[in-house]
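> Take the position in the sequence shown, starting the count at 1, then add 189; the result is the number in my numbering. Idealized CB from N, CA, C, for every residue including glycine. Shown below is the structure under consideration.
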Amino acid sequence: MKPNILRPLSPHLPIYKPQLTSTFPISHRISGAFLVTIVLFFYLLCLKIGLICFTYENFYQFFFYSSKLILISVEITALALSYHLYNGVRHLLTDFSFVELKTKFYPFVDGASIAAKSRGKL
190 MKPNILRPLS PHLPIYKPQL TSTFPISHRI SGAFLVTIVL FFYLLCLKIG
240 LICFTYENFY QFFFYSSKLI LISVEITALA LSYHLYNGVR HLLTDFSFVE
290 LKTKFYPFVD GASIAAKSRG KL
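Okay, here's the thing in structure tokens:
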């Protein structure tokens, strides 16, 4: 029996349609990696600045009067943090079988509703 050379050895991801059960863990990991990167960057920034920002007045002045870009990055970080929190709670609920994802919880777990919850719009 001659093996088919054109046949892939394992299933490739591009042939599958994206589903919620595969999309949410990937986005959860991406948001977690983003949050770790932001925390490490903030830690290194505080080390670079030294003792300048350890008073409340200097901290407020540095972060809220220095640039509009910092305010935008704070909002994006808050969005990632809230998304990570809501998606983690959903993940725990489905893992411990408190809620069945396909029957009861599926209409409420689409990406738009989690994004709206994390933005505070819902």
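Taking the straight line between their C-alpha atoms, what separation do you get for Thr266 and Ser286?
30 Å
> Taking all protein chains shown into account, do 16 or more other C-beta atoms lie within 10 angstroms of the C-beta of Tyr272, making it buried, or fewer, making it exposed?
buried
> Quick check on the DSSP output: the alpha helix (DSSP H) that includes Phe287 runs from which residue to which?
Run containing Phe287: none; DSSP gives neither H nor E here.
> Inspect the CB distances between the region 276 to 286 and the region 216 to 230 and report whether three or more fall short of 8 Å.
yes
> Is Lys257 helix, strand or coil by DSSP?
helix
> Which residues in the same chain as Leu224 place their Cβ atom closer than 8 Å to its Cβ, once the five residues preceding and following it in sequence are excluded?
Excluding residues within five positions, the ones whose Cβ falls inside 8 Å are Thr266, Ala269, Leu270, His273.
> Tell me whether Gln208 sits in a helix, a strand or coil according to DSSP, three-state version.
coil
> Cα separation between Ile259 and Leu209?
32 Å
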